[in-house]
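One structure is given here, and the rest of the page talks about it.
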Amino acid sequence: MSHISFTRRILLQSTAMLAAAAALPVRGFAQSGGRLVVAADSEPKNLNPAIVASNGVFFVASKVVEPLAEASFEGKDGLAPRLATSWEGSADGLSVTFKLREGVTWHDGKPFTSADVAFSAMNVWKPLQNLGRLVFANLEAVDTPDEHTAVFKFSKPTPFQLIRNALPAVTAVVAKHIYENSADIAADPANAKLTGTGPFKFAEHKPGEYYRLEKNEAYWGEGQPKLDEIVYRVLPDRAAAAGALEADEIQLAAFSQVPLADLDRISKVDGIKVYSTGYEGLTYQLVVEINHRRKELADLKVRQAIAHAVDKDFVVKTIFLGYAKPATGIVPQNAPEFYDPDVPTYAFDVAKANALLDEAGYPKGAYGNRFSLKLLPAPYFAETKQFGDYLRQALAAIGIDAQIANNDSAAHIKAVYTDHDFDLAVAPPVFRGDPAISTTILVKSGTPDGVPFSNQGGYANPTLDALIDKANQTVDVAARTELFNEFQKLVAEDLPLINVAEWGFITVARTSVKNVSNNPRWAVSNWADTELES
Amino acid sequence: MKRAFLLTRRRLLSSIPVLLIVVVGTFLLLEAAPGDAVDAYLLSIGGGDPALVQSLRESYGLDQSVFARLWLYTSALVRLDLGLSVVFGRPILEVILERLPNTLWLMGSATALSFGLGSALGIAAGARPGSATDRALSIGSLALYAVPSFWLGLVFSVVFAVQLRWFPTAGIETIASGKEGLSRALDIAWHLVLPVAALSFIYLALFLRMMRAGMAEAWRQDFALAARAKGLARRRIVHRHIARNALLPLVTMLGLQAASMLGGSVVIESVFAIPGFGRLAQEAVAGRDAPLLTGIIVVSAVLVIVVNLLVDIAYALLDLRVGAAEPSA
Numbered sequence: 001m002s003h004i005s006f007t008r009r010i011l012l013q014s015t016a017m018l019a020a021a022a023a024l025p026v027r028g029f030a031q032s033g034g035r036l037v038v039a040a041d042s043e044p045k046n047l048n049p050a051i052v053a054s055n056g057v058f059f060v061a062s063k064v065v066e067p068l069a070e071a072s073f074e075g076k077d078g079l080a081p082r083l084a085t086s087w088e089g090s091a092d093g094l095s096v097t098f099k100l101r102e103g104v105t106w107h108d109g110k111p112f113t114s115a116d117v118a119f120s121a122m123n124v125w126k127p128l129q130n131l132g133r134l135v136f137a138n139l140e141a142v143d144t145p146d147e148h149t150a151v152f153k154f155s156k157p158t159p160f161q162l163i164r165n166a167l168p169a170v171t172a173v174v175a176k177h178i179y180e181n182s183a184d185i186a187a188d189p190a191n192a193k194l195t196g197t198g199p200f201k202f203a204e205h206k207p208g209e210y211y212r213l214e215k216n217e218a219y220w221g222e223g224q225p226k227l228d229e230i231v232y233r234v235l236p237d238r239a240a241a242a243g244a245l246e247a248d249e250i251q252l253a254a255f256s257q258v259p260l261a262d263l264d265r266i267s268k269v270d271g272i273k274v275y276s277t278g279y280e281g282l283t284y285q286l287v288v289e290i291n292h293r294r295k296e297l298a299d300l301k302v303r304q305a306i307a308h309a310v311d312k313d314f315v316v317k318t319i320f321l322g323y324a325k326p327a328t329g330i331v332p333q334n335a336p337e338f339y340d341p342d343v344p345t346y347a348f349d350v351a352k353a354n355a356l357l358d359e360a361g362y363p364k365g366a367y368g369n370r371f372s373l374k375l376l377p378a379p380y381f382a383e384t385k386q387f388g389d390y391l392r393q394a395l396a397a398i399g400i401d402a403q404i405a406n407n408d409s410a411a412h413i414k415a416v417y418t419d420h421d422f423d424l425a426v427a428p429p430v431f432r433g434d435p436a437i438s439t440t441i442l443v444k445s446g447t448p449d450g451v452p453f454s455n456q457g458g459y460a461n462p463t464l465d466a467l468i469d470k471a472n473q474t475v476d477v478a479a480r481t482e483l484f485n486e487f488q489k490l491v492a493e494d495l496p497l498i499n500v501a502e503w504g505f506i507t508v509a510r511t512s513v514k515n516v517s518n519n520p521r522w523a524v525s526n527w528a529d530t531e532l533e534s
Numbered sequence: 535m536k537r538a539f540l541l542t543r544r545r546l547l548s549s550i551p552v553l554l555i556v557v558v559g560t561f562l563l564l565e566a567a568p569g570d571a572v573d574a575y576l577l578s579i580g581g582g583d584p585a586l587v588q589s590l591r592e593s594y595g596l597d598q599s600v601f602a603r604l605w606l607y608t609s610a611l612v613r614l615d616l617g618l619s620v621v622f623g624r625p626i627l628e629v630i631l632e633r634l635p636n637t638l639w640l641m642g643s644a645t646a647l648s649f650g651l652g653s654a655l656g657i658a659a660g661a662r663p664g665s666a667t668d669r670a671l672s673i674g675s676l677a678l679y680a681v682p683s684f685w686l687g688l689v690f691s692v693v694f695a696v697q698l699r700w701f702p703t704a705g706i707e708t709i710a711s712g713k714e715g716l717s718r719a720l721d722i723a724w725h726l727v728l729p730v731a732a733l734s735f736i737y738l739a740l741f742l743r744m745m746r747a748g749m750a751e752a753w754r755q756d757f758a759l760a761a762r763a764k765g766l767a768r769r770r771i772v773h774r775h776i777a778r779n780a781l782l783p784l785v786t787m788l789g790l791q792a793a794s795m796l797g798g799s800v801v802i803e804s805v806f807a808i809p810g811f812g813r814l815a816q817e818a819v820a821g822r823d824a825p826l827l828t829g830i831i832v833v834s835a836v837l838v839i840v841v842n843l844l845v846d847i848a849y850a851l852l853d854l855r856v857g858a859a860e861p862s863a
């Protein structure tokens, strides 16, 4: 008999304990004066922005580690000075001189000097960084004539325009004294506990829960930073970010962490504001990748037909709910320095598309089918998946039967960029300020298998390749820009891929957060002037 | 006591081949999935050049064959070394031990609540099979059982956290609060209310139905008739005779449920942003982190084996016939 009463007591106790927990007094979500809590959807493995130039890393690390210059709406050439105060390229393209800011100290109190810049460039950006390996491929040495001057020496002419455009993303400066004795900089424990010169100091990371940054009292910017703390709260579920914003548990969600479909509702909530600006420097492009090994797709008429079959306005309105622009070509409108609207365009015209396919020699067969294709939408964004569904229907209208293959992210990357097991794929490449950084690789031939976000569709056009190579060595800004105009025309004409739309992300913030989205890379900039009104 | 010891020994021995199958199976299954850890990592950093891709594959050991890696992994595992996670770049044991307590709290509370409340309601329903209470509880529990847990979690979150603001929307504790001791324990309990409720309400139905069915069965047995003929009070018959006999299958179910709840917590942990074991498994799969996933599965398997062992021991204590016929050698 005692057994059963024992079990019952345990049972009652456990339920009572839970009930007691539920009945705890309701407490307010009081924030200390200057703590900004923002949503984060990932925790990068390597948080060092000098090694990994990616938005996921910058989102947290850009507040701690600063680049030489940051993107700006007003500044000359779209740049605002950070650790460098001026930059100048030589006429022969063999050197770039940076004047560095004086009176800057690292978070551990040591002074910031040109030696740190030289070390970062030669030991980190050039050999280790995903983008820096390309931009600084021909960097030979960095001379430091004095503590506040760094002269970059290149072995081959390197366009200053490219270096300038790359500054915000590839030049996060790390401290020489921290890494100089490191056996393996990429795996150094200091990458998880960053030391920088930025407005915020790295305080702690609780895996799976949050990152906490605290104010750098010795920051060089006068009266900056305004906030005492920034806490990045890890919220992997997208619906959770919207809920947490409404409940005022977080004050800001960037990178469209609040899904587009929720924006209409949440923008009507008192005290919440939706920002669609502040991502001009991080434009994402919706692209149809084409496998030119498929004989039908190797035919330009078929590619033109597919381009005519896509209603870009419908895609922008229905999939992006208006938060995007129809694309005209491979360079987005947000890059005014390079953007050329004067390229061949493909208006939505189903009849013309059908005519082109007939001309190409693919008549409609049984059930109106011409041929079948394997379509792989990238699973990384809701929008790329939705566009995959749309594209299937659009292709059905012109007699092409597209079979959608759904993969998770790693499997998609393997299928498209290593195995080439696709006919059409939907991809979201990023335009990073200069076509040479991550755009030309989408169409240039010769990239080995297994390199994601590159031309793996077997497309090879010697004229286009020569044009890209020439632009990479052209130092004169006007001449280089002209080459990229030609490049855009050629891509639009020959359609190695089809550009459908371009979009920036959305930031949703409480109205108490001030100075949001005030530069073109706001989410990944240093937030030194961001304020929280209580 | 001797029975319990024999049972434990026999179970531990038989669990070795189980663990081995689990390790090899998990490793090969993840290997069969297209894409590797480098593909997953390159996505997170937005791509790289060919030389970087090559050097990453080498540093992750992915240039070696599957069997070489499997051998390396299992031989280290025998020395109780779970290795280094590819996704986190940290020792796997450290990562797992960091997340495990959160899941154990979530699962433990949810199991206790669903078992406790479920069997209590089952007793209420089974006290008079066919009564109005029985009908209402049976239908209500079935309806709950039909609800997907992520949906229930989201509804709880919207109603109790966003609208009413009684509870936090997500997390295991107030972030960066600096709370210690009792106030931290209360803080965690407060954060667990919604996820535990969402997780346990689904499983509650099972215990309720089982208890009720067992009791309905017991009412028809001779001892029930005898008890009534003796003139015992109905309350006493229900609690001491009918319910006790119906409880045994529930204990078995408790062991089985513990295993399936490990799976169910993946969804709830994601919805409520609880840095637990289930979410870790999800991250390991997305990052194609074979050593981490295998580590997670091994630890889960050990957990399930231990829980089932405890259940068997509890069973032996509740029912003296169990294990009496075990060979004593």
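As you go down the protein sequences, you meet chains A and B in turn.
Each residue of the first sequence is one higher than the last, beginning at 1 in the numbering used here.
Each residue of the second sequence is one higher than the last, beginning at 535 in the numbering used here.
Glycine included, every Cβ here is placed at the ideal spot set by N, Cα and C.
>> Would Leu-738 (chain B) and Gly-652 (chain B) be called neighbours here (beta carbons separated by less than 7 Å)?
In response: Mapped onto the second sequence, residue 738 (chain B) falls at position 204. Mapped onto the second sequence, residue 652 (chain B) falls at position 118. Taking 7 Å as the Cβ cut-off, Leu-738 (chain B) and Gly-652 (chain B) qualify as a contacting pair.
- Among A:Asn-519, A:Phe-200, A:Leu-245 and A:Phe-98, which one has its Cα closest to the Cα of Lys-268 (chain A)? Translated into the one-based positions of the first sequence, residue 268 (chain A) becomes position 268. Selected option, being the one with the closest Cα: A:Leu-245.
* **Beta carbon proximity, Ala-538 (chain B) to chain A, threshold 7 Å** => Counted from its first residue, the second sequence places residue 538 (chain B) at position 4. No - not a single Cβ of chain A is within 7 Å of the one on Ala-538 (chain B).
| query | Which parts of the stretch 142-180 of chain A are runs of the alpha helix (DSSP H), unbroken and 4 residues or longer, counting only runs that do not cross its ends? | reply | 160-170 and 176-179
Phe-112 (chain A) classed as buried or exposed, judged by whether at least 16 other C-beta atoms fall within 10 angstroms: Within the first sequence, the letter at position 112 stands for residue 112 (chain A). Label assigned to Phe-112 (chain A): buried.
*Give every residue of the same chain whose Cβ lies closer than 6 Å to the Cβ of Gly-789 (chain B), excluding the five residues on either side of it in the sequence, and list them in chain order.*
If you number the second sequence from 1, residue 789 (chain B) lands on position 255. Same-chain partners within the cutoff: Val-841, Asn-842 and Val-845.
Exercise. Please list the partners that Lys-414 (chain A) has in chain B, where partner means a Cβ-to-Cβ separation under 8 Å.
Key: Position 414 of the first sequence, counted from the first residue, corresponds to residue 414 (chain A). By Cβ distance, chain B contributes Pro-568, Gly-569, Asp-570 and Asp-573.
Taking CB distances under 7 Å as the criterion, tell me whether Arg-133 (chain A) reaches chain B. Residue 133 (chain A) sits at position 133 when you count from the first residue of the first sequence. Yes - at least one Cβ of chain B is within 7 Å of the one on Arg-133 (chain A).
Grab me the residues of Phe-622 (chain B)'s own chain with a C-beta within less than 6 Å of its C-beta, minus the 5 sequence neighbours each way, in chain order. Position 88 of the second sequence, counted from the start, is the residue given in the question as residue 622 (chain B). The answer, listed in chain order, is Val-629.
**Q.** Contacts around Lys-153 (chain A), its chain only, beta-carbon distance under 6 Å, and the 5 residues preceding and following it disregarded
**A.** The residue given as residue 153 (chain A) occupies position 153 in the first sequence. The residues are Ser-95, Glu-140 and Ala-141.
Mind checking whether Thr-97 (chain A) and Val-135 (chain A) have CB atoms under 7 Å apart?
If you number the first sequence from 1, residue 97 (chain A) lands on position 97. If you number the first sequence from 1, residue 135 (chain A) lands on position 135. No, the pair does not count as a contact, with Cβ atoms beyond the cut-off.
Is it right to say Gly-103 (chain A) is buried, meaning 16 or more other beta carbons lie within 10 angstroms of its own, or is it exposed?
In the first sequence, the residue the question calls residue 103 (chain A) occupies position 103. Label assigned to Gly-103 (chain A): exposed.
**Study point:** Interface flag, Asp-358 (chain A) vs chain B, CB-CB below 7 Å
**Key:** Translated into the one-based positions of the first sequence, residue 358 (chain A) becomes position 358. False, the Cβ-Cβ gap to chain B never drops below 7 Å.
- Task: For Val-693 (chain B), count neighbouring Cβ atoms within 10 angstroms of its own Cβ and tell me buried if that reaches 16, exposed if not.
- Result: Here residue 693 (chain B) refers to the residue found at position 159 of the second sequence. With fewer than 16 other Cβ atoms within 10 Å, it is exposed.
**Message:** Which residues in chain A have a C-beta closer than 7 Å to the C-beta of Ile-709 (chain B)? List them in chain order.
**Reply:** Here residue 709 (chain B) refers to the residue found at position 175 when the second sequence is read from its first residue. By Cβ distance, chain A contributes Glu-209, Tyr-210, Val-231 and Arg-233.
Alpha carbon of Ala-203 (chain A) to alpha carbon of Arg-212 (chain A), nearest angstrom: Looking up residue 203 (chain A) in the first sequence gives position 203. Looking up residue 212 (chain A) in the first sequence gives position 212. Cα to Cα, the separation comes out at about 5 Å.
Nearest to Leu-546 (chain B) (by Cα), restricted to the options B:Val-836, B:Leu-852, B:Ala-848 and B:Glu-565
Working through the second sequence from its first residue, we reach residue 546 (chain B) at position 12. Answer by Cα proximity: B:Val-836.
Give the DSSP-derived three-state secondary structure of Lys-545 (chain A) in the structure shown.
The requested residue 545 (chain A) is not part of the displayed model; chain A covers only 1 to 534.
- Task: Report all residues from its chain with a CB closer than 7 Å to the CB of Thr-277 (chain A); omit the five preceding and five following residues, and keep chain order.
- Result: Numbered from its first residue, the first sequence carries residue 277 (chain A) at position 277. Once the five neighbours on either side are set aside, the close Cβ partners of Thr-277 (chain A) are Ser-517.
| Any chain B beta carbon closer than 7 Å to Asn-334 (chain A) | In the first sequence, counting from the first residue as 1, residue 334 (chain A) sits at position 334. Not an interface residue.
Margin query: By the three-class DSSP mapping on this structure, what secondary structure does Glu-229 (chain A) have?
Written below: Looking up residue 229 (chain A) in the first sequence gives position 229. Glu-229 (chain A) falls in the strand class under three-state DSSP.
query = Between the stretch 539-559 of chain B and chain A, which residues of the former have CB atoms less than 9 Å from a CB of the latter, in chain order?
reply = none
With distances taken between CB atoms, is the gap from Lys-206 (chain A) to Glu-531 (chain A) smaller than 7 Å?
Here residue 206 (chain A) refers to the residue found at position 206 of the first sequence. Here residue 531 (chain A) refers to the residue found at position 531 of the first sequence. Not closer than 7 Å, so no.
Classify Glu-180 (chain A): buried if its beta carbon has 16 or more other beta carbons within 10 angstroms, exposed otherwise.
Counted from its first residue, the first sequence places residue 180 (chain A) at position 180. Flag for Glu-180 (chain A) reads exposed.
Notebook entry, point to check: Checking contacts by CB at 7 Å: is Phe-505 (chain A) closer than that to chain B?
Noted result: On the first sequence, residue 505 (chain A) is found 505 positions in, with the first residue counted as 1. Output row for Phe-505 (chain A): interface = no.
According to the neighbour-count rule (16 or more other Cβ atoms, all chains shown, within 10 Å of its Cβ), is Gln-791 (chain B) buried or exposed? Position 257 of the second sequence, counting from 1, holds the residue named residue 791 (chain B). Gln-791 (chain B) comes out buried.
Q: Work out the CA separation of Gly-271 (chain A) and Leu-424 (chain A) for me, nearest whole Å.
A: In the first sequence, residue 424 (chain A) corresponds to position 424, counting from 1. In the first sequence, residue 271 (chain A) corresponds to position 271, counting from 1. When rounded, the distance between both Cα atoms is 43 Å.
**Message:** Going by beta-carbon coordinates alone, are Ala-535 (chain A) and Pro-168 (chain A) separated by less than 7 Å?
**Reply:** A question about residue 535 (chain A) goes unanswered here, because the residues of chain A that appear run from 1 up to 534.
According to the neighbour-count rule (16 or more other Cβ atoms, all chains shown, within 10 Å of its Cβ), is Ser-62 (chain A) buried or exposed? Along the first sequence, one-based indexing puts residue 62 (chain A) at 62. So Ser-62 (chain A) ends up on the buried side.
_Quick check: Pro-67 (chain A) and Thr-171 (chain A), are their CB atoms within less than 7 Å of each other?_
Translated into positions along the first sequence, residue 67 (chain A) becomes position 67. Translated into positions along the first sequence, residue 171 (chain A) becomes position 171. The answer is yes: Cβ separation under 7 Å.
What is the rounded straight-line gap between the Cα of Asn-221 (chain A) and the Cα of Pro-199 (chain A)? Within the first sequence, residue 221 (chain A) is the residue found at index 221, counting from 1. Within the first sequence, residue 199 (chain A) is the residue found at index 199, counting from 1. Per the sequence shown, the amino acid found at residue 221 (chain A) is Gly instead of Asn. Approximately 8 Å between the Cα atoms of the pair.
For this session: May I ask you to report which of helix, strand or coil DSSP gives Asp-401 (chain A)?
Result: Sequence index remark: in the first sequence, residue 401 (chain A) carries index 401 (1-based). Strand, per DSSP.
Stretch-stretch touch, CB-based, cutoff 8 Å, three pairs: the stretch 34-41 of chain A with the stretch 229-244 of chain A
yes
- Message: Under 7 Å, CB to CB, which of the residues in the stretch 617-635 of chain B have a partner in chain A?
- Response: Val-621, Phe-622, Gly-623, Glu-632 and Arg-633
- Query: For the stretch 656-689 of chain B, which residues have a CB atom closer than 8 Å to at least one CB atom of chain A, in sequence order?
  - Reply: Leu-688
* Asked: In chain order, what residues of the same chain have a beta carbon less than 8 Å from the beta carbon of Ala-848 (chain B), not counting five sequence neighbours either side?
  -> Taking the second sequence and counting its residues from 1, one reaches residue 848 (chain B) at position 314. Excluding positions up to five away in sequence, the list reads Val-785.
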